[in-house]
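Here the sequence shown is numbered in our numbering, starting from 3 and rising by one per residue.
Note that the Cβ used here is the ideal one computed from N, Cα and C, for glycine as well.
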Amino acid sequence: MLGFLKEPVVVTAKINVNLVALTVLGLISRLWGLCYPRAVVFDEVYYGQFVSLYMKRIFFVDDSGPPFGHMLLALGGYLGGFDGNFLWNRIGAEYSMNVPVWSLRLLPALAGALCVPLAYQILVELHFSHCAALGAALLILLENSLITQSRFMLLESILIFFILLAVLSYLKFYNLQKHSAFSGSWWFWLLLTGVACSCAVGVKYMGLFTYMLLLATTGLHFWHMIGDQDLSNVSLLCHFLARGLALIIIPMGLYLSFFYVHLALLYRSGPHDQIMTSAFQASLEGGLARITQGQPLEVAYGSQITLRNVLGKPMQCWLHSHTNTYPIRYENGRGSSHQQQVTCYPFKDVNNWWIVKDPGMQQLVVSNPPRPVRHGHIVQLVHGITTRYLNTHDVAAPLSPHSQEVSCYIDYNISMPAQNLWRVEIVNRESDTDVWKTILSEVRFVHVNTSAVLKASGVIGASLPEWGYRQLEVVGEKLSKGYHQSMLWNVEEHRYGKSQEQKEREVELHSPTQMDISKNLSFMAKFTELQWKILTLKNEDTEHKYSSSALDWITMDTNIAYWLHPTSGAQIHLLGNVATWASANAAALGYLCLSLWYLLRRRRKIYDIPEDAWQLWMSAGGICGGGWAVNYLPFFLMEKTLFLYHYLPAVTFQILLIPVVLQHLSDHLCRSVLLKSMFSALLVAWFSWVYFVYCTFSPLSYGQPALSPPELRALRWKDTWNILLRKQ
């Protein structure tokens with residue numbers, strides 16, 4: 003039985019020395035001196051705040067994208083034992099000893115380092131020579147902009163890593179298609195493609211561009227499979243379902259899981275949760291949850307409530323009134339009702355309280371048992387402090403003359419009767435008999451007499467004049483269609499009124515039942531709300547000193563100063579390798595011109611290159627050229643502040659196109675020994691130029707050694723570059 007032990011156990015393995023060497027060089031270039039500078043570098047001041055919030059489990063919203071990238075940065079902080087205690091208030095601030103700088107910068111650096119062997123493998127899987135693949139990897143290795151971006155707590159290197167991993171995985175899957183369909187390795191690379199795409203999108207929405215490219219490529223390849231008569235209908239269906247599962251279903255599930263982990267980690271209330279709905283805020287520990295804990299769930303006649311506008315734009319606000327009246331005439335000469343003002347006030351205040359009254363009864367207290375208000379019921383809303391009724395009538399609103407003025411009615415004994423009946427419409431109801439619920443119900447108030455809907459004015463950024471204390475306008479919207487969020491309100495604070503006396507009513511607080519809102523808000527409800535906020539909540543874009551246009555990127559007419567030493571001339575800039583970027587532009591132009599030439603010649607039945615070389619040329623262009631186009635051209639349509647680092651995913655694909663074009667020129671245009679020798683000599687000279695530029699600008703990529711003012715001036719190769727010089 004033990005005869006097999008008589009022979010030694012031998013394990014053989016193939017090791018690609020090129021791949022190992024490139025990985026080691028990538029790690030050295032990205033990890034060397036990673037803790038330098040021990041100070042906040044450019045956008046570390048932005049991402050560091052989120053890392054601290056993760057460490058303290060405090061909820062936040064970042065409108066720049068999904069949370070996966072932030073969680074990876076926070077993972078670095080967690081592994082380094084970071085407690086989150088650091089004030090991220092300015093670029094250049096020295097890190098305190100409790101901040102694990104090396105650990106926080108480690109994951110972006112590792113991602114940047116691994117992009118080097120990924121570039122090599124992509125060219126190999128595209129069926130180019132190992133020499134061309136080695137050239138692509140070395141160009142990525144010596145690209146100054148990628149080095150700079152990957153050595154700090156930033157997201158672009160992580161994004162590029164997942165993008166390249168997705169491309170490589172798909173190419174490996176596609177190359178296994180003919181001979182190993184549905185094998186273990188086939189499934190592995192297909193599934194890894196979907197996972198990498200989901201991770202890329204989870205880091206930044208820019209990852210969607212490459213994801214769409216790969217989906218389009220998959221669709222094109224499957225279209226060709228449909229024409230393969232050797233494949234049965236059942237086999238085609240299996241292929242289709244496998245791709246749908248791996249490239250659509252699994253990425254969607256993984257994307258949801260990023261938010262699930264994000265919300266599970268950030269369970270405490272913080273400064274960012276105020277832009278969320280009351281239901282979302284109440285699901286967080288502390289903050290609104292402390293106020294709403296113990297509130298009655300069902301709104302009844304006699305309930306005392308505050309009403310928060312669901313839209314929350316231009317800021318969160320509550321339905322509010324005070325004793326001041328609208329001016330008899332506005333500045334433009336239009337007249338008003340001179341009734342008591344009703345506004346939307348962005349702060350909690352005693353004047354935000356209203357009482358839900360039954361129009362058929364005089365009492366302002368909750369009966370025993372309480373009579374709940376349901377969808378479709380008619381109510382009156384009585385202002386808690388002034389006891390005047392919410393009213394609207396056919397008088398133009400102060401800022402929105404096309405809408406009706408909303409007021410609290412004062413009886414002036416003139417021909418303007420009170421019109422204070424409102425119909426409660428629960429928009430998110432499950433049935434027409436639903437009860438109006440605290441926090442959970444989103445309600446429209448429809449005026450019975452005029453059918454106008456109570457609305458926080460859509461005049462974004464405008465507020466009432468001094469006579470209205472700069473508060474936000476509330477109007478009765480006529481001819482309303484649909485359920486715009488500015489017309490929706492939810493009860494945030496709620497108590498059952500027990501006293502008919504006004505003075506006692508102002509101070510009473512009653513909590514008859516315990517209520518836990520968090521159990522009523524599902525993960526999908528929280529995800530949907532958070533996702534919507536990320537997509538729609540945009541900070542005001544302001545012109546930045548280092549912002550640029552997409553046209554500036556191609557010729558690198560711009561740079562970004564990331565860090566400046568407080569005393570010496572040491573500094574870090576985001577600057578690309580001029581030789582590589584110029585070569586990438588030339589390669590893209592050359593590829594386009596050659597492709598058009600070949601297409602015209604092929605149209606005339608003239609085939610300059612073999613069919614397999616043509617297919618190789620087109621597939622490489624589709625991946626590398628297409629990757630550049632989809633990651634670059636969309637920025638011409640974006641209305642946002644742009645920076646040079648937005649171009650890095652696109653330029654990475656463009657760099658991969660350089661060896662594609664060079665090998666094609668060598669194989670098909672340099673047909674004599676003399677031409678090949680000259681071409682090889684030119685390649686050596688060209689690569690020496692690339693290496694020279696890398697070495698020249700390395701002090702600006704690594705921040706050391708410090709350069710003198712004359713040396714810094716010598717590096718200003720373009721007048722548009724902002725190289726920082728200290729005044730002597």
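Proximity to residue 628 across 213, 85, 204 peaks at 213, based on C-alpha coordinates. If you ignore the 5 residues before and after residue 696, its C-beta comes within less than 7 Å of the C-beta of 144, 146, 579, all in its own chain and listed in chain order. The segment 332-344 makes no contact with the segment 305-320; the number of CB pairs closer than 8 Å stays below 3.
Taken through DSSP and simplified to helix, strand or coil, residue 311 comes out as strand. Selection 660, 636, 621, 701 evaluated against residue 570 yields 701 as nearest (Cα-Cα). Distance from residue 153 to residue 32 at the Cβ level is roughly 6 Å; contact confirmed, criterion being Cβ atoms closer than 8 Å. Of the residues 272, 264, 180, the one whose Cα lies closest to the Cα of residue 227 is 180. Judged by DSSP secondary structure, residue 531 falls outside any beta strand (DSSP E) and instead within the alpha helix (DSSP H) spanning 525-538. The criterion of a C-beta distance shorter than 8 Å is satisfied by residue 536 and residue 65.
By the 16-neighbour rule on beta-carbons within 10 angstroms, residue 235 is exposed.
Judged by DSSP in its simplified three-state form, residue 124 adopts helix.
By the neighbour-count criterion, in which 16 or more other beta carbons inside 10 Å mark a residue as buried, residue 609 falls on the exposed side. Residue range 46-57 is occupied by the alpha helix (DSSP H) that includes residue 47. Per the coordinates, the alpha-carbon of residue 472 lies some 31 Å from the alpha-carbon of residue 301. Collapsing the DSSP output to three states places residue 447 in a strand. If you draw a straight line from the Cα of residue 95 to the Cα of residue 80, it comes to about 21 Å. With fewer than three CB-CB distances shorter than 8 Å, the segment 718-726 does not count as touching the segment 581-595.
The DSSP-derived three-state label of residue 500 is coil. Listed in chain order, the alpha helix (DSSP H) elements of length 4 or more contained wholly in the segment 233-265 are 235-246. Counting along the chain, the unbroken alpha helix (DSSP H) around residue 79 starts and ends at 70-81. DSSP places residue 319 in the coil class of the three-state scheme, outside both helix and strand. The beta carbons of residue 160 and residue 71 sit about 6 Å from each other, so the pair counts as a contact at 8 Å. Taken in chain order, the whole alpha helix (DSSP H) runs of length 4 or more contained in the segment 616-670 are 628-634, 650-666. Taking a 10 Å sphere around the C-beta of residue 546, we find fewer than 16 other C-beta atoms and assign the residue as exposed.
Between the segment 164-183 and the segment 193-208, the count of C-beta pairs closer than 8 Å reaches three or more; the two stretches touch.
Closest option to residue 250, judged by alpha-carbon separation, among 192, 347, 433: 192. For residue 158, the enclosing alpha helix (DSSP H) stretches over residues 158-177. Around the CB of residue 22, fewer than 16 other CB atoms lie within 10 Å, so the residue is classed as exposed.
Cβ-Cβ distances below 8 Å link residue 475 to 345, 346, 399, 400, 401, 402, 458, 459, 461, 464, 465, 466 in the same chain, with the five nearest sequence neighbours on each side left out; the list follows chain order.
In this structure residue 657 is in contact with residue 142, their Cβ atoms being roughly 6 Å apart against a cut-off of 8 Å. Taking a contact as a CB-CB distance under 8 Å, the pair residue 339 and residue 384 does not count as one, their CB atoms being some 18 Å apart.
The beta carbon of residue 210 lies closer than 6 Å to those of 203 in the same chain, with the five residues before and after it left out.
Here residue 186 is exposed: its Cβ has fewer than 16 other Cβ atoms, across all protein chains shown, within 10 Å.
Counting along the chain, the unbroken alpha helix (DSSP H) around residue 20 starts and ends at 19-33. Taking C-alpha positions only, residue 718 is separated from residue 564 by approximately 16 Å.
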